[in-house]
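Below is one structure; the comments refer to it alone.
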Amino acid sequence: LRAYAFDIDKLNAFAGMYNDLMLADSALSKLEREMIAVAVSSVNKCYYCLVAHGAAVREMSGDPQLGEALVMNYRVAKISAKQRAMLDFAVKLTEASAKVEEVDRQVLRDAGFTDRDIFDIASVAGFFNMTNRVASATDMRPNDDYHAQAR
């Protein structure tokens, strides 16, 4: 949040969007939204978000190995097929957004996601693509507490 402290309006907009995407009601669990944050941040190599949201995954899941797997390579994480489809989509959106097609959305539908869920997945992925870039550009560093959290 320190990166946004130069402009209170931007800080408020950032906090409002974060709270809406990550904490408001959604068919996606809070853990699943954190999983998206970590998978996207891993692709983008965002140190701050990997440490902070990796800690959130460890805490919410009660599984330190899940948090570490998602930070390193979500493809080795012990997650459901539905969650794998969700993360595959978020990563494709991160790596090659112009190549996302109807077939990609259909894979999510076939896994059990609704069109609203797909919008939520895309919104969380898009938000973290933006915040990863701001965090990297401003050399944001995580609090020391995150490193030891839920291990």
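For what it's worth, my numbering labels the leading residue of the sequence shown as 13, then goes sequentially. The C-beta atom is built at its ideal place from N, Cα and C for all residues, glycine as well.
Burial state of residue i, where buried means 16 or more other Cβ atoms lie within 10 Å
i: S41; result: exposed
i: A36; result: exposed
i: A147; result: buried
i: F101; result: buried
i: S53; result: buried
i: A17; result: exposed
i: G28; result: exposed
Contacts around residue i, its chain only, beta-carbon distance under 6 Å, and the 5 residues preceding and following it disregarded
i: K90; result: none
i: R45; result: M34, V136
Assigned secondary structure, residue i (DSSP; H/G/I helix, E/B strand, else coil)
i: T150; result: coil
i: S92; result: coil
i: S41; result: coil
i: N155; result: coil
i: A17; result: coil
Residues of its chain near residue i, where Cβ-Cβ distance is below 8 Å and the 5 sequence neighbours each way are ignored
i: V55; result: V103, T106, E107
i: A93; result: A123
Proximal residues to residue i (C-beta, below 7 Å), its chain only, five neighbours per side dropped
i: T189; result: In the structure displayed, the chain extends from 13 to 163; residue 189 sits before or after that span and is not available.
i: Q95; result: E44, M47
i: H65; result: E46, A49, V50, S53
Counting pairs of Cβ atoms below 8 Å between the region 112–123 and the region 66–81, do you hit three or more? no
Given 8 Å, three or more beta-carbon pairs between the region 82–89 and the region 124–142: no
Count the CB pairs spanning the region 44–62 and the region 151–158 that are closer than 8 Å, and state whether there are at least three. yes
Which full runs of the alpha helix (DSSP H) of 4+ residues lie inside the region 84–143, going along the chain? 93–108, 114–123
Would you mind listing the alpha helix (DSSP H) stretches within the region 24–80 that are 4+ residues and don't spill past its ends, in chain order? 42–56, 59–73
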